[in-house]
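**Q** Here full-length UniProt numbering is used: position 418 in the sequence shown is 418, and no number is missing along the way.
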Amino acid sequence: MAQSLELLLIQFLMPDNDARRQAEEQIKRLAKDPQVVPALVQHLRTAKTPNVRQLAAVLLRKKITGHWAKLSPQLKQLVKQSLIESITMEHSPPVRRASANVVSIVAKYAVPTGEWPDLLPFLFQCSQSAQEEHREVALILFSSLTETIGTSFRPHFADLQALLLKCLQDETSNRVRVAALKAVGSFIEFTHDGDEVVKFREFIPSILNVSRQCLAAGEEDVAVIAFEIFDELIESPAPLLGDSVKSIVQFSLEVCSSQSLDSNTRHQAIQIISWLAKYKPASLKKHKLVVPILQVMCPLLAESNNSDEDDDLAPDRAAAEVIDTMALNLPKHIFSPVLEFASLSSQNANPKFREAAATSLGVISEGCSEFIKDRLEPRPGTNGKGAASFALGQFAEYLQPEIVSHYQSVLPCILNALEDTSDEVKTKIILREHGKEILPFLDPLMGKLLGALQNSARNLQETCM
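1) For my contact list, S365 and V338 are in at a C-beta cut-off of 8 Å; report their separation, rounded to the angstrom.
2) Work out the CA separation of D262 and L223 for me, nearest whole Å.
3) Can you give the beta carbon distance from S165 to R177, rounded, assuming they're within the 8 Å contact cut?
4) If you reduce the DSSP assignment to three classes, tell me which class A342 lands in.
5) For a quick check, are the C-beta atoms of P369 and T325 less than 7 Å apart?
6) Are A19 and Q26 closer than 7 Å when you measure CB to CB?
7) Which residue marks the beginning of the alpha helix (DSSP H) containing L275, and which one marks its end?
8) Using 7 Å as the threshold, is the C-beta distance between I188 and S244 below it?
9) So which of A277, I293 and E235 has the shortest CA-CA distance to V255?
10) For the putative contact between E352 and A302, defined by C-beta atoms under 8 Å, what is the C-beta separation to the nearest angstrom?
11) Cα separation between V322 and K108?
12) Whole angstroms is fine: what's the gap from L120's alpha carbon to V37's?
13) Taking buried to mean at least 16 other C-beta atoms within 10 Å of its own C-beta, is L59 buried or exposed?
14) Exposed or buried, which one is M14 when buried takes at least 16 other CB atoms within 10 Å?
15) Are the beta-carbon atoms belonging to P331 and R266 less than 7 Å from one another?
16) Under 8 Å by Cβ, that's how I've got K280 and H333 pegged, so tell me the actual separation to the nearest angstrom.
17) If I64 sits next to V111, beta carbons under 8 Å apart, how far is it from one beta carbon to the other, in whole angstroms?
18) What does the alpha-carbon distance come out to for the pair S247 and I229?
19) With a CB to CB cut of under 6 Å and the five nearest residues on each side skipped, what residues in its chain are close to K199?
20) Is L442 buried or exposed, if buried means 16 or more other CB atoms sit within 10 Å of its CB?
21) Are the CB atoms of N264 and L215 within a distance shorter than 7 Å?
22) Please work out which residues of its chain come closer than 8 Å, Cβ to Cβ, to I149, disregarding the five sequence neighbours upstream and downstream, and give them in chain order.
23) Check whether the Cβ atoms of S129 and R135 lie closer than 7 Å to each other.
24) Compute the distance between the beta-carbons of F190 and T146, then report whether it is under 7 Å.
25) By the three-class DSSP mapping on this structure, what secondary structure does H156 have?
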């Protein structure tokens, strides 16, 4: 079988579609025989071209599951030994990675039954090799093996964490650092034990360093693994982030504000801020991160949306969701910064910023509603009433018709504000409101307006008219 299979593998790689189709049909027929396993192993180790060796590994990964139990102990040992040799002696990176994928499949069946006791010691040894290729492939295997034999790693978890941290900080190889980042992502996704997850806190500075290096190298698909890791840490009820939350927020803000990056990369960065606002609002408040976040999120509301871009990934929409989440969880901390942005942006010559001003007020309307109402209640002094009145004025102008449904709670506050001694408060509270819903409030409202006309400065009188 070995000789005929070699010819078929070569034929399968030919550009001629008919030749490929014929080869594929014959390979499928041969693959029904368990002897295809040793034949593929032979070509994995001895074929002259890397393409044929890689194809042999790919086919072996697909076919070995159905044949493993039928193989003799001697053939099983041959397969395991050949895979180890391919990982350590193969010069072609694609062939090494393809062989590692086969190891992951074989380990699923061989490790739990005690048929491959040497695998984990070999991987630990390989991960500390002086050769970059060995360290990289060991980490690739640790990553893929979590999906198949993750429970077998539990007795070695402390050693694995130390190893991963060391490889994240590898000073000589970017490939090793990237492989370590991927492995950390796999282990955190697999690990749900709080005591085990908390140990990953010390990984955060190294994760950020590797991710920044990947972004600088244009490897965004690798860099976003950092956000997947942070996602797992943020959603954990355990206090896993500590002071590192500041570094995570800073990095996320750098990424989401960079228009040169892919929309998906930026969206994942914004999503991290959203999760922090939802699950760790106290941490954002403690580390004084609310204002820095809003200083980035609010301008994102004015970013032009690319018509070819997925709306769900659009930065302006994602930023609006972040501000909304912050308003629900940190209303008194976000109201003033958002109001300041809206006030300035409403005067901007750029219509996108004027629209962003209205949007920013709209998205905080639910979370900050009680806060705004509280600011309009009768109390000594006028501090805060002018700002709250301005916000209500903006709501009335830009949130039609939704604002009308809140007339029962809003109009009493407006009437109280019109009794204020400050012309600033009175000016900002006069709304252009319409609809029969306000009829019960019309008499007292007209009374307040007439009072303002008779006893106020000329500019306020003009506003009343």
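No residue lacks a Cβ here, since even glycine has one placed at the ideal position from N, Cα and C.
**A** By the coordinates alone:
1) Not quite, the Cβ-Cβ distance comes to about 11 Å (not below 8 Å), so this is no contact.
2) A small fix is needed here, since residue 223 is Ala in this sequence, not Leu. Approximately 12 Å between the Cα atoms of the pair.
3) Checking the displayed sequence, the identity of residue 165 turns out to be Leu instead of Ser. The Cβ separation is near 11 Å, so there is no contact.
4) helix
5) Before going on, a small fix: residue 369 reads as Ser here, not Pro. No, Cβ-Cβ distance for S369 and T325 is not below 7 Å.
6) no
7) The residue asked about is misnamed: residue 275 is Trp in this sequence, not Leu. Unbroken alpha helix (DSSP H) run through W275: S263 to Y279.
8) In this structure, the beta-carbon distance from I188 to S244 does not fall below 7 Å.
9) The shortest Cα separation from V255 among A277, I293 and E235 belongs to I293.
10) Looking at the sequence shown, residue 352 is not Glu but Lys. About 4 Å separates the two Cβ atoms, so the contact holds.
11) 42 Å
12) Each residue's Cα considered, the two are about 23 Å apart.
13) By the neighbour-count criterion, in which 16 or more other beta carbons inside 10 Å mark a residue as buried, L59 falls on the buried side.
14) exposed
15) no
16) Contact doesn't hold; Cβ gap of about 14 Å is too wide.
17) Not confirmed; about 14 Å, so no contact.
18) Between the C-alpha atoms of S247 and I229 there is a straight-line separation of about 14 Å.
19) Q161
20) Summary for L442: the model assigns pLDDT 43, below 50, so the residue's position carries little reliability; its value from the coordinates is reported in the next sentence. So L442 ends up on the exposed side.
21) no
22) A107, K108, V111 and P112
23) Yes; because the gap between Cβ atoms is below 7 Å, this pair is in contact.
24) Their beta carbons are under 7 Å apart, which means F190 touches T146 by this criterion.
25) helix
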